[in-house]
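Shown next, in structure tokens, is the structure this report addresses.
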Amino acid sequence: MPYYVAFDIGHKPRGNIDDNYTELRELLDKNEFECHKFFETSITRESLEPYDILVFACPDFAKITRQEILEIEAWVQNDGGGLLLLSHAGGDKGRSSNLSELSELFGIKFENDQVLDEESNIGLENMPIIENFNPPHPITSGVDSICYRAGCSLTVISNAFAIVSSNETSEPFSTPLICVSEPEKGRIVCDGSYEMFRDRIGGGLQYESHSKLAVNMFEWLISDYRMEKRDQDLLPVPEEGKEASEMEEVQARGSSLDVKSKTQSTENFNISLDISNKSELMTLLNQFLSQINTMKNTIESIIYTFSKSDEISEGNLKSNKENSTTEKSSVSDITKEIEETKKETHRSKKKKPEGEQEELTTSPPKLEEESAEETEEEIIEEEELDLEERREELEAEVEKLERKVKSIVNLLGFLEKKYNSGKMNEKSYKKQSKKLHKDLDKIKRRIEKISNALNQ
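In numbering that gives the first Met the number 0, the protein residues as written are 0 to 455.
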């Protein structure tokens with residue numbers, strides 16, 4: 000009896016079962032799973048009913064709506080759905096997505112970083128070899144090691160736990176990489192590296208134990224509740240032909256938009272959509288509006304940054320190009336470069352470096368993506384804040400930062416205990432302690448700046 004897996008394609012996933020996840024699809028087909036491309040104008044609990052597992056394979060510049068998040072939550076908790084969330088280096092910030100808004104409902108958060116390891120890797124520091132599987136879990140049963148290729152770290156907030164963590168030599172060290180949660184009737188897996196299951200790349204699905212890990216992961220995601228209902232034939236199955244018709248709808252929409260962008264015509268054009276009621280139409284229009292607003296805010300932030308100076312220096316352009324293409328750069332390095340670029344007087348118009356990588360497979364998030372986020376921080380630090388509009392947002396940020404301070408202090412205590420007990424050498428202790436203190440100082444300065452602004 001097959002179990003049905005829905006691979007979301009409505010939020011521009013980087014992992015696609017017709018492209019770079021074909022080997023994963025074949026593997027699942029051989030293990031009694033039936034994979035489907037899943038597209039809905041707006042995901043609902045009802046539309047998920049025929050599926051046992053829903054996969055978000057790293058949404059790229061697309062966000063799940065609040066209503067969709069609530070519908071997915073209800074499907075997991077009440078219908079025993081299995082949810083697999085896969086991210087990438089840079090997390091939500093790097094991909095302009097919002098997986099954490101969904102995962103946080105189940106006690107897990109994707110961090111906006113990249114896991115590196117100079118000592119234990121398969122050739123590059125952003126392809127660390129991980130063997131830290133604690134506590135034992137069905138997902139890691141029979142798995143000796145994994146390659147956590149171009150992935151971000153995770154944080155456990157509540158009612159969840161890590162089953163795979165980074166090495167002591169990693170950066171960040173001993174931090175969650177794969178986490179699980181069992182809310183009510185359903186099951187959740189969060190993994191910061193979608194590239195672990197990609198076709199024909201180093202550290203992808205062909206790496207040692209990755210096939211075993213993938214099968215274990217999907218088998219565990221079938222909840223006891225769901226398994227019992229399937230055995231009793233009490234659940235529907237995906238409709239024949241539905242997938243194809245919806246794909247045609249997506250292609251038609253994309254084709255119409257593509258023609259519009261190429262011709263730059265001001266004439267009206269028609270997009271043929273199969274809308275059955277007013278509610279579906281309003282939902283679709285709201286999604287379009289949300290994407291337009293996101294683009295508008297990003298453009299305004301970039302305009303603000305560069306309006307303070309006429310041109311960009313050739314030296315900074317060269318430096319930015321080196322940072323965006325190097326395979327051994329880190330998120331913090333790129334952030335630092337952006338901040339330095341903003342502070343200097345610019346002398347030449349910025350051009351996109353030729354051959355700049357389009358996707359991040361062996362390096363941190365794109366410079367442009369970091370720039371938009373850094374611009375927001377600069378506005379907070381240097382401009383008078385509109386507290387009426389942003390007070391709640393800033394207060395929430397302070398709360399999150401204060402929780403991070405507590406976590407870092409606890410980690411420092413943990414490090415000291417390990418060092419004093421002889422379980423950690425002096426070199427590792429000093430390196431990791433220095434990094435934590437640096438992060439702690441940075442967070443405290445940020446809290447102080449926001450607090451001062453709020454108290455004005």
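Just so you know, even glycine gets a beta-carbon here, dropped at the ideal spot from N, CA and C.
Since we're looking at a predicted model, the values are computed, not measured.
Proximity below 8 Å, CB of residue i to CB of residue j
| i | j | result |
| --- | --- | --- |
| F196 | V163 | no |
| L414 | Q431 | yes |
| P137 | N15 | no |
| A5 | F37 | yes |
| D51 | Y3 | yes |
| G9 | E39 | yes |
| F105 | S180 | yes |
| E22 | D198 | yes |
| C57 | S86 | yes |
| H35 | P235 | no |
Buried or exposed (CB count within 10 angstroms, at least 16 for buried), residue i
| i | result |
| --- | --- |
| V54 | buried |
| A395 | exposed |
| I298 | exposed |
| S102 | buried |
| P12 | buried |
| M294 | exposed |
| D18 | exposed |
| G421 | exposed |
| D7 | buried |
| R24 | buried |
| N158 | exposed |
| N125 | buried |
| E194 | buried |
| A243 | Confidence at A243 is low in this model, with a pLDDT of 40, below 50, so its placement is unreliable and no value can be given for it. |
Span separating the alpha-carbon of residue i from that of residue j
| i | j | result |
| --- | --- | --- |
| K426 | A88 | 27 Å |
| S169 | P127 | 8 Å |
| P171 | N111 | 12 Å |
| V188 | G202 | 20 Å |
| N97 | P49 | 25 Å |
| I156 | L84 | 16 Å |
| S165 | M281 | 44 Å |
| E130 | K108 | 22 Å |
| S41 | R444 | 41 Å |
| V397 | M0 | 50 Å |
| K92 | G141 | 34 Å |
| E167 | F32 | 36 Å |
| L82 | L233 | 20 Å |
| C146 | L123 | 11 Å |
| D143 | S46 | 38 Å |
| D190 | L288 | 30 Å |
| L284 | L393 | 30 Å |
| N424 | G90 | 31 Å |
| Y20 | N30 | 16 Å |
| D28 | I291 | 38 Å |
| K228 | R390 | 48 Å |
| N120 | K399 | 32 Å |
| T139 | I200 | 22 Å |
| R402 | T154 | 12 Å |
| K437 | K416 | 20 Å |
| I68 | D230 | 28 Å |
Contacts around residue i, its chain only, beta-carbon distance under 6 Å, and the 5 residues preceding and following it disregarded
| i | result |
| --- | --- |
| R44 | E70, A73, W74 |
| S95 | F60 |
| R490 | It is not possible to answer for residue 490, since the shown part of the chain is limited to 0 through 455. |
| I449 | L393, V397 |
Beta-carbon proximity list for residue i, same chain, < 8 Å, skipping 5 on both sides
| i | result |
| --- | --- |
| L26 | L204, S210, A213, V214 |
| V469 | Because the chain here runs from 0 to 455, residue 469 falls outside it and cannot be looked at. |
| Q76 | P182, E183, K184, G185 |
| L435 | I407, L410, L411, L414 |
| P134 | F160, I162 |
| K433 | none |
Nonlocal neighbours in the same chain, by C-beta distance under 7 Å from residue i, ignoring five residues either side
| i | result |
| --- | --- |
| Y428 | L414, Y418 |
Proximity test, residue i beta-carbon vs the ligand SAH heavy atom, cut-off 7 Å
| i | result |
| --- | --- |
| L104 | With respect to the ligand SAH, the structure shown offers nothing to examine, as it has no ligands at all. |
Decide if the stretch 57-72 is in contact with the stretch 199-210; the criterion is three or more beta carbon pairs, one per stretch, under 8 Å apart.
no
Taking contact to mean at least 3 C-beta pairs separated by less than 8 Å, is the stretch 176-187 in contact with the stretch 149-157?
These segments touch.
With contact counted as at least three CB pairs below 8 Å, one residue from each stretch, are the stretch 216-226 and the stretch 108-117 in contact?
no
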